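**Student:**
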Amino acid sequence: MIIRILLISFVTAFLSSNENLIPAKIGENEILLEVANTQALRADGLMGVKALEYNQGMIFIWPNASRKCMWMKNTLIDLSVAFIDRDRKITEIKELQSESLESICSSRGNIIAAIEMNKGWFKENNIELGVKVLLP
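Its first residue numbered 96, the sequence shown is counted upward by one per residue in the numbering used here.
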């Protein structure tokens with residue numbers, strides 16, 4: 096609970112001074128993430144986005160840990176999603192098909208965040224399950 100509150104506080108503070116992107120690190124890879132930390136932002140996600148820079152994506156942050164589902168309605172690009180647990184470790188990586196209405200859900204119930212990147216990004220960068228995500 097405290098980690099979740101601190102995570103949301105740090106992200107919110109960072110956003111107020113740096114447009115909509117925060118730096119993060121996954122393994123040895125430094126990335127920039129747009130933050131979706133409200134219901135409205137999570138619902139919109141990357142809808143309408145035509146392209147992402149290679150090391151750029153979106154992090155979805157939820158106030159409570161649970162099983163999470165993603166969908167791709169009106170999302171124009173294929174993506175990969177990594178589900179993140181309370182310890183900030185990647186528990187699953189799944190592929191998302193553009194404009195699909197199918198819900199892609201985590202199999203675990205302790206998910207507090209998810210990171211969407213260009214399709215194949217995690218594989219191309221040798222990101223495996225258990226890798227920790229470092230956030231500000």
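The C-beta atom is built at its ideal place from N, Cα and C for all residues, glycine as well.
Note that the coordinates shown come from a computational prediction; the quantities given were computed from them, not determined experimentally.
(1) Can you check whether the CB of N213 is closer than 8 Å to the CB of L171?
(2) How would you write the range of the beta strand (DSSP E) that S219 sits in, first residue to last?
(3) In the DSSP assignment, what residue or residues form a beta bridge with K120?
(4) Using 8 Å as the threshold, is the C-beta distance between N150 and E123 below it?
(5) Tell me which same chain residues have a C-beta within less than 6 Å of the C-beta of I222, skipping the five on either side of it?
(6) Exposed or buried, which one is A138 when buried takes at least 16 other CB atoms within 10 Å?
(7) At the level of alpha carbons, what is the spacing between L101 and L127?
(8) If you reduce the DSSP assignment to three classes, tell me which class Q134 lands in.
(9) Just checking: is the beta-carbon of K189 within a distance shorter than 8 Å of some beta-carbon in chain B?
(10) Along the chain, where does the beta strand (DSSP E) containing G152 start, and where does it finish?
(11) Which partner residues does A209 have in the DSSP bridge list?
(12) Which partner residues of E187 appear in the DSSP bridge assignment?
(13) Taking the CB atoms as reference points, tell me whether L191 and S201 lie closer together than 8 Å.
**Tutor:** By the coordinates alone:
(1) Locating residue 171 in the sequence shown gives position 76, where the first residue counts as 1. Locating residue 213 in the sequence shown gives position 118, where the first residue counts as 1. Cβ atoms of L171 and N213: not closer than 8 Å.
(2) Numbered from its first residue, the sequence shown carries residue 219 at position 124. The sequence shown places Glu at residue 219, rather than the Ser named in the question. Run containing E219: none in the beta strand (DSSP E); it sits in the alpha helix (DSSP H), W216 to E219.
(3) Taking the sequence shown and counting its residues from 1, the one referred to as residue 120 is at position 25. The partner list for K120 (beta bridge, DSSP) reads E125 and L229.
(4) Within the sequence shown, numbered from 1, the residue matching residue 150 stands at position 55. Within the sequence shown, numbered from 1, the residue matching residue 123 stands at position 28. Cβ distance not < 8 Å, so N150 and E123 don't count as in contact.
(5) On the sequence shown, residue 222 is found 127 positions in, with the first residue counted as 1. Excluding sequence neighbours, I222 sits near I121 and G122.
(6) Mapped onto the sequence shown, residue 138 falls at position 43. Exposed.
(7) Sequence index remark: in the sequence shown, residue 101 carries index 6 (1-based). Sequence index remark: in the sequence shown, residue 127 carries index 32 (1-based). Confidence at L101 is low in this model, with a pLDDT of 46, below 50, so the placement of that residue is unreliable and no value is reported for it.
(8) Position 39 of the sequence shown, counted from the first residue, corresponds to residue 134. Q134 falls in the helix class under three-state DSSP.
(9) Judged by its chain identifiers, the structure shown contains no chain B, having just a single protein chain.
(10) As a position in the sequence shown, residue 152 is number 57, starting the count at 1. Taken as a continuous stretch (DSSP letters only), the beta strand (DSSP E) holding G152 covers Q151 to S161.
(11) On the sequence shown, residue 209 is found 114 positions in, with the first residue counted as 1. For A209, which the question treats as bridged, DSSP gives the partners F155 and F178.
(12) The residue labelled residue 187 in the question sits at position 92 within the sequence shown. According to DSSP, E187 bridges with F178.
(13) Against the sequence shown, residue 191 aligns to sequence position 96. Against the sequence shown, residue 201 aligns to sequence position 106. No, the pair does not count as a contact, with Cβ atoms beyond the cut-off.
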